[in-house]
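>
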Amino acid sequence: MKVIDILPIAYRNLTRRKTRTFLTSFAVFIGIFLLTVMISLGLGVRTWLLNMITGQMEYTRITVAQEGTMSGGTFSSMGTGQGSLVGEEELNKKVISQTVVDEISKFDHVTQVQPMTMSIPKSAKLEGQEKEITNIMGFGFDVLESDTYIKGVLAGSMHNWYQNKNNVLVSQHFTDTYQVNPQDVIGKKLNIRFAKEGSGGMMFMNNSGGEEIVIEQIIVAVIDVGEDQLNYALPLEKEIEVKVSKKENTTKEDYLENTGYPFLYVNTDDLSNTKEVAKKIKEMDFDAITVEDLIGMINTIFIVIQAVLAIFGLIALFVASIGIINTMIMSIYERTKEIGVMKAIGATNANIRMIFITEAGLIGFLGGVAGAFFGYFSAYGLQVFLNIYLKNIGESSQNFFTFPWELAVGSIFFAVLIGILAGLYPASRASKLDPIEALRYE
C-alpha cells in the first residue's frame, strides 16, 4: 500500500461516523481555541507594554530611584506613569538628595541628570469648565521638546516653558477628558488643588481632607505623551515649591537634602556606556534601571504569564486526546473484520498503523484549523469591543491582542501532533490484530 493511498482511506473512514468525528474534533477545537486566544492576549499585552516602555524612554537613559523601589517590583513602569506609587514609610532609605544629583552629574559619560517628581492632586479644573477632574496625575519635570518622552506638541509651544514656574503643560489625555480641542486650551488657567495635611509620601500627595493648597497655572502647550496617563507637567521648581509648602518649617534646601527626589533620569553619551554608569549608581545604594533591564524583566514576566494562560488550553487538549484515544479504540472494534481483510490481501502492520495514526492526525487537524480560525476572529472581536469601551471612557484605543501567522500555524501543527500522539496506542493495537482471528470476529 502506497503512502498516497493512506490519506483518502483515513478520510473515508472518518466520514463514516460524522457525528463522532465532529464531537472528537470539537474537543480539540476547544483546546486550540483557548490556547490561541490566551497566547494572543499574552503576546498583545507584552507588545503593548514593550512599545510603551521603549517609546517613552531613551536607550541611553537610566532611571534612578531609592534602593528597592524598582527592583522590588513596586515601580513596574518607570518613565511611563504606570508604576505603583509607594509611601514614604516604605522608602526610609538613602534619599536622592541634591548632593547625590550633583555627584552623579560628574560621572564619566553622563550627559544630563534630570530630577523628576510625581504627584496625585485632589483635583484640577480648567478655566471655563464646570467639571472638576479628580482622577489625575502630574509630574514635576523640566522636560524638553526634544526628549523622546514627548511624541509631539499638539498646540502651543514648549520653548523654555519651565523657566516660568507659573506655566504648565497638559497632555492630550487631559484635553480628551474635557473633550476640548487642544488649541482651545492654550493660555487658559488650570487650577490644581493639593491636600496640605496627611502627606502620603514624597511620591504623591494624599487626597485626604484638611487644608488645601491651590495653585493656578497657565497652559502653554498640549503634548502627546503616547500611552502615558500623565495629565499635566509642572516645572520642577514649582512642584518642589508645592511639596515644601505642605511641610511645616521646611525650606527648599532642607527638603531636597532630607526628602529628595523620588527618581532621576540619567542620560549617557552612548549605549555602550549605559551599563557601566548604571553599575556605579547601584554601588551608591540606589536602583538603576536601563531600558534593556526593563525589556528583560518584562520578557521574563510574560513567559510565566503566557505559560499560565496556556495551561487552560493544554488541559482542554489533554481531555481531547483522551477522546481521540477512545474514538480510535471504538473504531478498532467496529472495523476488526475489515482490518483482517486488509491484512489478508497484503496490508502490512505498518500500513494499518499508519492508517489509524493518519485518522487521529486528521481529527487533530480539523479541530486545530477550526480552533485557530475562531481564535483569530474572537481575538479580533474582543479587541474591537475593548477599543469601543476605551473610547466610551475617554481613553485611546490599544492593541491588547496580537495574532501572528506563526501562532495560527503553530497551533494547527500542535493539534495534529496531539492527534498523532493520541493515536499511537490505538494504531499499535490495531496493527497487532491477528488476521485469522480478525476475520472470525463478529
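Residue 383 in this note's numbering is what sits at position 121 of the sequence shown, and the numbering runs on without skipping anything.
Heads up, the beta-carbon is just placed ideally off N, CA and C, and yes, glycines get one too.
It should be emphasised that the depicted structure is a prediction, and the values quoted were computed from it without experimental measurement.
Flag this pair as touching only if the region 565-581 and the region 293-301 have three or more C-beta atom pairs under 8 Å; answer yes or no.
yes
> Residue 662 lies in the beta strand (DSSP E); which residues open and close that run?
Per DSSP, residue 662 belongs to no beta strand (DSSP E) and is neither H nor E.
> Note the first and the last residue of the continuous beta strand (DSSP E) segment covering residue 555.
Segment 553-596 is the alpha helix (DSSP H) holding residue 555; no beta strand (DSSP E) there.
> In whole angstroms, what separates the C-alpha of residue 439 from that of residue 661?
Distance between the alpha carbons of residue 439 and residue 661: 21 Å.
> Taking a contact to mean a Cβ-Cβ separation below 8 Å, would you say residue 282 touches residue 589 in this structure?
yes
> Using only the alpha-carbon positions, how far apart do residue 340 and residue 315 sit?
Caution applies to residue 340, whose pLDDT of 38 falls short of 50 and renders its modelled position unreliable; the model cannot decide the point.
> For residue 526 and residue 678, what's the separation of their Cα atoms in angstroms?
Straight-line Cα distance between these residues: approximately 53 Å.
> Roughly how many angstroms lie between the CA atoms of residue 450 and residue 504, to the nearest whole one?
So the two alpha carbons sit approximately 21 Å from each other.
> By a C-beta neighbour count over all protein chains shown, 10 Å radius and 16 as the cutoff for buried, is residue 397 buried or exposed?
exposed
> Alpha helix (DSSP H) containing residue 609: first to last residue?
Neither: residue 609 is in no alpha helix (DSSP H) and is coded neither H nor E.
> Can you grab the Cα-Cα spacing for the pair residue 386 / residue 284, in whole Å?
60 Å
> Can you list, in chain order, the stretches of the beta strand (DSSP E) that have 3 or more residues and sit fully within the region 469-505?
474-486, 494-496
> Could you check the C-alpha separation between residue 623 and residue 689 for me, to the nearest Å?
Those two C-alpha atoms are separated by around 11 Å.
> Give me, in chain order, the residues of the same chain whose beta-carbon lies closer than 7 Å to that of residue 555; leave out the 5 immediate sequence neighbours on both sides.
none
> Assuming contact is defined by CB atoms lying nearer than 8 Å, are residue 456 and residue 485 in contact in what I supplied?
Going by C-beta atoms, residue 456 is not nearer than 8 Å to residue 485.
> Spatial neighbours of residue 360 within its chain, please: CB distance less than 7 Å, with the 5 preceding and 5 following residues excluded, ordered by chain position.
518, 519
> Give the DSSP-derived three-state secondary structure of residue 340 in the structure shown.
Because the pLDDT of residue 340 is 38, which lies under 50, any placement of that residue in the model is unreliable, and the number read from its coordinates should be weighed accordingly. Of the three classes helix, strand and coil, the one that applies to residue 340 here is coil, per DSSP.
> In the DSSP assignment, what are the bridge partners of residue 523?
358
> Would DSSP call residue 324 helix, strand or coil?
strand
> Does the structure place the region 486-498 close enough to the region 419-435 that three or more beta carbon pairs sit under 8 Å?
yes
> Rank 305, 275, 288, 273 by C-alpha distance to the C-alpha of residue 571 and give the top, closest one.
305
> Please look up how many angstroms separate the CB atoms of residue 301 and residue 479, rounded, as I've assumed it's under 8 Å.
Incorrect: roughly 46 Å between the Cβ atoms, too far for contact.
> Cutting at 7 Å between CB atoms, please list the residues of its own chain near residue 653, excluding the five before and the five after it.
659
> Counting only runs of 4+ residues fully inside the region 359-395, write out the alpha helix (DSSP H) ranges in chain order.
360-367
> Would DSSP call residue 433 helix, strand or coil?
strand
> Who does residue 549 pair with in a DSSP beta bridge?
327
> For residue 533, which three-state DSSP category applies?
helix
> Would you mind stating whether residue 602 and residue 697 have Cβ atoms separated by less than 8 Å?
yes
> Would you kindly check if the distance between the Cβ of residue 614 and the Cβ of residue 604 is under 8 Å?
Yes; because the gap between Cβ atoms is below 8 Å, this pair is in contact.
> For the beta strand (DSSP E) holding residue 405, just list the boundary residues, first then last.
It is not in any beta strand (DSSP E) - residue 405 carries neither H nor E in the DSSP assignment.
> So, with DSSP's three-state summary, where would you put residue 544?
helix
> With a threshold of 6 Å on Cβ separation, who are the neighbours of residue 633 within its own chain once the five nearest residues in sequence on each side are excluded?
Closer than 6 Å at Cβ, skipping near neighbours: 291, 294, 295.
> In chain order, what residues of the same chain lie with their CB nearer than 7 Å to the CB of residue 311, ignoring the 5 residues before and after it?
560
> Rounded to the nearest angstrom, how far is the Cβ of residue 786 from that of residue 420, given a contact under 8 Å?
Because the chain spans 263 through 704 in this model, residue 786 falls outside it and cannot be assessed.
> In this structure, does DSSP put residue 350 in helix, strand or coil?
At residue 350, the pLDDT of 44 sits below 50, so the modelled position is not reliable; the number obtained from the coordinates is stated separately. Reduced to three states, the DSSP call for residue 350 is helix.
> Is it buried or exposed, residue 270, if we count other Cβ atoms within 10 angstroms and call 16 or more buried?
exposed
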